Structures are given as structure tokens and as C-alpha cells.
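Student: One structure is given below, represented as C-alpha cells, and several questions about it will come after.
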Ligand SMILES: Cc1cc2nc3c(=O)[nH]c(=O)nc-3n(C[C@H](O)[C@H](O)[C@H](O)COP(=O)(O)OP(=O)(O)OC[C@H]3O[C@@H](n4cnc5c(N)ncnc54)[C@H](O)[C@@H]3O)c2cc1C
Ligand SMILES: Cc1cc2nc3c(=O)[nH]c(=O)nc-3n(C[C@H](O)[C@H](O)[C@H](O)COP(=O)(O)O)c2cc1C
Ligand code: FES
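Residue numbers (my numbering), protein chains in the order written: chain Y, 1 to 305; chain U, 1001 to 1264.
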């Protein structure tokens, strides 16, 4: 076999391969465009956007922990209008799909952003109701099933593009949240966002992050993320975008076997700017070595003991 | 064919020496980095191929030798990352991203620059001194005698390099900022370049503003990507009305002194 089908489809939007950049780890793509042709990606999910520009939290905003990092950026971004005017034209040069990741303080703000993005040319909208780094909104909408259902239903009314709901792992039962998103009309779910964590400098007796707490990502969270993707896959029919600690093609395959239709790569971009394309190549190598003609044939195909 | 894209370079370690307790002087080979590097820029180094210390570590370029394609950097062992880096052996390949960030403005129309560095902030100034090679003043501060490094390297370029130690065990006793102040009071320098701990940078900034001299400061912040995408390395930069968060890895590490806003 010398080639395999890498195409996957997320609610009617076809991705040339299942690899997406995780929101907040890839900016608006400009920096990584100096390292490779962004057309090699399945999709680019941009930095989390808000209605108005945000400065984000005080530094230090990052702490390294075993096999992971804690971050507390706090959604620093230039606002959705600036994104449409200045970043979409840049991203449109590449033959890939664009996912806008949106956050708000109120349901109205989310709806307003979906409205503003109506004619923007983005291919998909990812609603972040799971940011652990902002006081209002964010994760507050993502931890109770009835609010997940309600916000999804409301925002969906204003969306032209398929709506992905990004779920928080900081809940007792993520299956409930995923079902609520599906019932509310979500076209897909993505998971996981970061796990709330903390690191303390024992010599100064102060938290390393100025914000005291932050979101954990990287290989340390991968087993939790795989388990959650597998759990969610057992209760929803809509596509799942899996993420959390993916460093290479093998990790991506693990998420797909658990039930993800596509995967996102975040923290790995910091260690290797070429991480995403290496994940694409790694997936292809796996398919070729095991004579798998179509990537779609492995989705959810974990064989339980 | 030369690719138009940047990439991390795998560079052979050709020199490694512990020049003071816990201070390592390392040289790697990279034609690409020597071709692009400017004084003040840094490298983001993968200290070891392990998931336990996941992130790269930012380390300034201390000097380059274009002919020999050598890139030199000096680092202090602080925690696990720099400890792993210090354990790397000659002949091994080091995964290096860079050169990254902004550089010091080298402009020969300045008549006499002053370079001031404290602690690990001393290291990037050697590359800058080499880029000037004209008359200049160099002030280097160290904690104590046994931590003094690079003295001969600086004296080869600037024989009057002044060394100070906090405890007075070597050279002039006390903080280097006092020496700089005497100089600029007498109107000797028309630009100042500073790298070192924040209290030192603050002092240089207020002194230069009081005497109306431009200065450039090299800032430090904890980093993720090192290339401007993750936005973790925030620093406050003045805007016409107030301030905004810029990023040390891409907008810096070198900023003009009057742009930088330090927290009280
Ligand atoms: C632009 C820039 C240039 C630098 N140049 C030099 C140099 O030439 N020589 C030198 O000895 N040191 C330099 N440093 C500081 C050096 O990056 C840190 O000492 C190093 O990252 C510590 O890593 P560690 O694993 O040993 O320590 P740990 O404390 O275990 O590191 C934990 C985490 O905090 C980060 N961190 C800790 N201290 C610092 C710091 N001071 N600045 C930024 N991040 C930090 C680490 O990168 C890591 O992510 C520079 C820093 C910056 C930002
Ligand atoms: C520095 C940083 C910033 C992030 N910003 C956002 C964001 O703006 N919106 C969002 O939905 N997720 C954000 N995330 C979460 C990631 O998209 C992803 O869900 C998480 O990091 C897990 O994937 P990883 O382990 O591959 O990084 C951020 C993560 C990091 C590390
Ligand atoms: S370290 Fe990622 S933006 Fe500076």
C-alpha cells in the first residue's frame, strides 16, 4: 500500500487530515507559518476570541510540572472584530479549514460573536465553555448539564457554521455535559480543555502562577483525556475532537481508537514547532504500516477487555 | 535546496567548561545560527529528550564565531532543565531553536555606549561588545569573587571593563548601577544597554530617564513556545494612553527603556 485515506469529516466540513491545532497554542498561525506550510493541517483553531479585546492575566502565566504545564494566560486576544479584519485574510491564503474559538462573559456575548462571525468565512465555530483562567463565564457555563444545554441551544440559533462545544474535564461526569451539548444542538464536541491545577514554590511559599491556579495540559493529562473521549463516545453520536497531551502520531491514533474523529495538538507545539506536521506524518505511517486504507475505519475501534 | 522555512537545529556540542561553580560555558556548531544571530537574541534549548522537563529553556547567545560556525552560550544551573543541560557531553547533538527575539540596536553613530550587566545578565553583553569594538564602558556585577566569569573576554575588547561584587570580595564593592551613575552624571555615555535582575533594570531605567539618555533593557519572563504564539511571556509596555501586554520572546527580550513599565 502506498497511500491511505486521511480525510475525515466534521459535520459536513471535510478536513484533509484529522490534525487540528489546539486553541491558544498556535496564535493565529503566523508564527508557525514561518516553520511550515499551514496547508498541511486539517484545520487551524485560533486563539480564544472574546467580543472585546482582552489583556489577559498578570505574568508569570506558565509553570512547568512533571510532563506537563500549567497556564493562566486568561484569554489575551485582540477581539473578534480585529480577528475578522486582520487575521482571517492571512489564514485564507492556506488550503486548510479555520475554526474560531469563542468565549464570553454572558450567553448574549457568545450569541453576538456567533452573529459577527456569520459572514466571516470561518468554517467552524468552537464554543469554549471550559476556560479555567477567567473569572466570569468560561468554565462557569461548562460544569452544569442544564447550562450546557441552554447555552448551546441559544448560541446555535445564531450560528451559520457547525458548532463545536468544547468541554471541560473539571466535572464529575463528562458524559452528562456531552449529552447536554448534543441535546442542545451541538454539531460536535471537543475535549479536553485544561485541568485546573496549582504549583507552589516552596522557597517563597507562593504559587508559581500570578493567578495562583491555572490549566494543566501536556502528556501528563493524556490518560485522563483518552478516558474521557472514550466515555463521551459511548453516549453521543456527533463527532468528537480529542485532545490532551498528544505529542506524536501514536498518541493521535490512541484518541481515534477511543472514539475521536479528529484530534488537536496543543502543548506539543511549544516543544517542537513542527509537532503538528509530525503528527500528520505519524498517523500516515501507522496506517501504511498496518495496511489500513481509510482512517475512518479505526475511529472508536478500541477492543475492550 | 535551501528551505524557506525555519526549523529547530541539531547542533554538535564542541566545548563545555564549568567556569565558576554551577556556571557552564558551552559552544555548539551551527552555520545557520551564526549566519542569523544578532546581539541580544536568545536560543530556546531542549535540554534533554525527556518528557519530565517538557519545555525548552531560553538562554542568551553569548558570542558567535562566524568563521568557525560556533555559537557560545553561558548558563547557570538553576533547576532540573539547566542541570540536564550541564550533563550533556561533547559530541552530542543539542536541539536548538533560534536565534529568537529582538536584538540590541548597534549604531556606530553613538559616541560611547555603556554596557551594564548583573549576574546571568552579563552573558549576552559579550556579543554586543564584540559588535561595537569601539570605545565603550563595561560594568559587570557579580555576587562574589568565585562567580566572576568572562572577565578576560570582556577585557580583550574593553580593557577598562569594571568588575564589581556585591560583597566586595573582588573588584569594586557594591552594585554596578552606582558606577554607571557616576559615568552618566559626567555625560560620558550617550546610550546604555542593560541586562540583569529587575531591580537593576529599574534603576538603570530611572537613571537614564533622569539624565535624558536612551537605554535598552533586556527582560526575562517564563516562556512556553518562545516564538510569540502562546502569549505566556507577558510584559507591560507603554502605549500612548496606558499600557498593554507585549511578549518577551517576540517583541523582546530587548526593549527601549522608556517603553517598559515595571510593576511597583
Ligand atoms: C530571554 C532570556 C535569556 C536568558 N538567558 C540566560 C543566559 O544566558 N544564561 C542563564 O544562565 N540563564 C538565562 N536565562 C534564564 C534561564 O532561562 C533560566 O535560568 C532557566 O530557564 C531555568 O531553568 P531550570 O530548569 O534550570 O530551572 P527551573 O526553575 O526548574 O525551571 C522551571 C521553569 O521556569 C522557567 N524559568 C525559571 N527561571 C527562569 C528565568 N529566570 N527566566 C525565564 N524562565 C525561567 C524555566 O524555563 C522552566 O520553564 C534567560 C532567560 C530569558 C527569558
Ligand atoms: C497556553 C495555552 C493557552 C490556551 N488557550 C486556550 C483558549 O484560548 N481557548 C481554548 O478553548 N483552549 C485553550 N487552551 C487549551 C488547549 O486548546 C487544549 O484544550 C489543552 O491544552 C489540551 O491539549 P494539549 O495537552 O495538547 O495542550 C490553551 C492551552 C494552553 C497550553
Ligand atoms: S513564550 Fe510563547 S509567546 Fe512568548
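We treat Cβ as the ideally placed atom computed from N, Cα and C, and that holds for glycine.
Model, not experiment: these values are computed from the prediction.
Under 8 Å between the Cβ atoms of residue 1017 of chain U and residue 1069 of chain U?
Tutor: Not in contact: residue 1017 of chain U and residue 1069 of chain U (Cβ atoms no closer than 8 Å).
Student: Which class does residue 1260 of chain U belong to by DSSP, given the choice of helix, strand or coil?
Tutor: In the structure shown, residue 1260 of chain U sits in a strand (DSSP, three-state: E or B).
Student: How many Å lie between residue 118 of chain Y and residue 88 of chain Y at the Cα?
Tutor: 13 Å
Student: Suppose contacts are defined by Cβ-Cβ distances below 8 Å. Is residue 1163 of chain U in contact with residue 273 of chain Y by that definition?
Tutor: no
Student: Mind checking who residue 1064 of chain U pairs with in its DSSP beta bridge?
Tutor: U:1071
Student: Residue 13 of chain Y: which of Y:104, Y:161, Y:65 sits nearest, CA to CA?
Tutor: Y:161
Student: Counting only the same chain and skipping the five closest in sequence on each side, list residues whose C-beta sits under 6 Å from that of residue 11 of chain Y.
Tutor: Taken in chain order, the residues that qualify are 162, 187, 188.
Student: Tell me which residues of the segment 57–69 of chain Y have at least one Cβ-Cβ distance to chain U shorter than 9 Å, keeping chain order.
Tutor: If the cut-off is 9 Å between Cβ atoms, the segment 57–69 of chain Y has 57, 58, 59, 60, 61, 62, 63, 64, 65, 66, 67, 68, 69 near chain U.
Student: Go to residue 1201 of chain U, then tell me how far its beta strand (DSSP E) extends in each direction, as first and last residue.
Tutor: No beta strand (DSSP E) contains residue 1201 of chain U, which is instead part of the alpha helix (DSSP H) from 1198–1211.
Student: Given this structure, state the Cα-to-Cα distance separating residue 1200 of chain U from residue 1177 of chain U, to the nearest angstrom.
Tutor: 7 Å
Student: Can you give me the C-alpha to C-alpha distance between residue 95 of chain Y and residue 283 of chain Y, rounded to a whole angstrom?
Tutor: 20 Å
Student: Use the C-beta contact count for residue 1186 of chain U: other C-beta atoms within 10 angstroms, 16 or more gives buried, fewer gives exposed.
Tutor: exposed
Student: Within 8 Å of any Cβ in chain Y, is that where the Cβ of residue 1231 of chain U sits?
Tutor: yes
Student: Where are the beta strand (DSSP E) runs, 3 residues long or more, that stay fully inside the segment 1100–1135 of chain U, in chain order?
Tutor: 1113–1118
Student: Have a look at residue 17 of chain Y and residue 280 of chain Y and give me their C-alpha separation to the nearest angstrom.
Tutor: 7 Å
Student: Where does residue 7 of chain Y land, buried or exposed, given buried means 16+ other C-beta within 10 angstroms?
Tutor: exposed
Student: Check whether chain Y comes within 8 Å of residue 1053 of chain U, counting only Cβ atoms and requiring the distance to be less than that.
Tutor: So, interface residue.
Student: Assuming residue 1046 of chain U is part of the beta strand (DSSP E), what are its boundary residues?
Tutor: Start and end: 1042–1046.
Student: On a CA-only basis, which of Y:4, Y:85, Y:159 is nearest residue 115 of chain Y? Give me that one, please.
Tutor: Y:159
Student: Would you check whether ligand 3 has a heavy atom nearer than 7 Å to the C-beta of residue 70 of chain Y?
Tutor: Residue 70 of chain Y: no, Cβ never under 7 Å from ligand 3.
Student: Heavy atom of ligand 3 less than 7 Å from the Cβ of residue 275 of chain Y, yes or no?
Tutor: no
Student: What is the rounded straight-line gap between the Cα of residue 1190 of chain U and the Cα of residue 1027 of chain U?
Tutor: 33 Å
Student: By alpha-carbon positions, which one of Y:223, Y:45, Y:76 ends up nearest to residue 99 of chain Y?
Tutor: Y:45
Student: Can you tell which of Y:276, Y:232, Y:208, Y:278 has its C-alpha closest to the C-alpha of residue 257 of chain Y?
Tutor: Y:232
Student: Under 7 Å from any heavy atom of ligand 1, does the C-beta of residue 64 of chain Y make it?
Tutor: yes
Student: What's the C-alpha gap between residue 1145 of chain U and residue 1172 of chain U?
Tutor: The alpha-carbon separation between residue 1145 of chain U and residue 1172 of chain U amounts to approximately 11 Å.
Student: Note down, in chain order, all residues in the segment 262–291 of chain Y with a beta-carbon under 8 Å from any beta-carbon belonging to chain U.
Tutor: 267, 269, 270, 271, 272, 273, 274
Student: For the alpha helix (DSSP H) containing residue 150 of chain Y, list its first residue and its last residue.
Tutor: Unbroken alpha helix (DSSP H) run through residue 150 of chain Y: 145–158.
Student: Measure the Cβ-Cβ separation of residue 1029 of chain U and residue 1043 of chain U and say whether it is below 8 Å.
Tutor: no
Student: Is any heavy atom of ligand 3 found at a distance shorter than 7 Å from the C-beta of residue 1090 of chain U?
Tutor: no
Student: Can you tell me whether residue 276 of chain Y is helix, strand or coil according to DSSP?
Tutor: helix
Student: Sorted by chain position, which residues of the same chain lie with C-beta nearer than 7 Å to residue 1104 of chain U's C-beta, five sequence neighbours on each side aside?
Tutor: 1039, 1040, 1128, 1193, 1216, 1254
Student: Alpha carbon to alpha carbon, what distance is there between residue 1101 of chain U and residue 1161 of chain U?
Tutor: So the alpha carbons of these two residues sit roughly 27 Å apart.
Student: Can you find the residues in the same chain that come closer than 7 Å, C-beta to C-beta, to residue 55 of chain Y, ignoring five residues on each side of it along the sequence?
Tutor: 76
Student: Is the shortest distance between the beta-carbon of residue 50 of chain Y and the beta-carbons of chain U less than 8 Å?
Tutor: no
Student: Under 8 Å, Cβ to Cβ, is there at least one residue of chain U near residue 218 of chain Y?
Tutor: It does: the Cβ of residue 218 of chain Y has a partner Cβ on chain U nearer than 8 Å.
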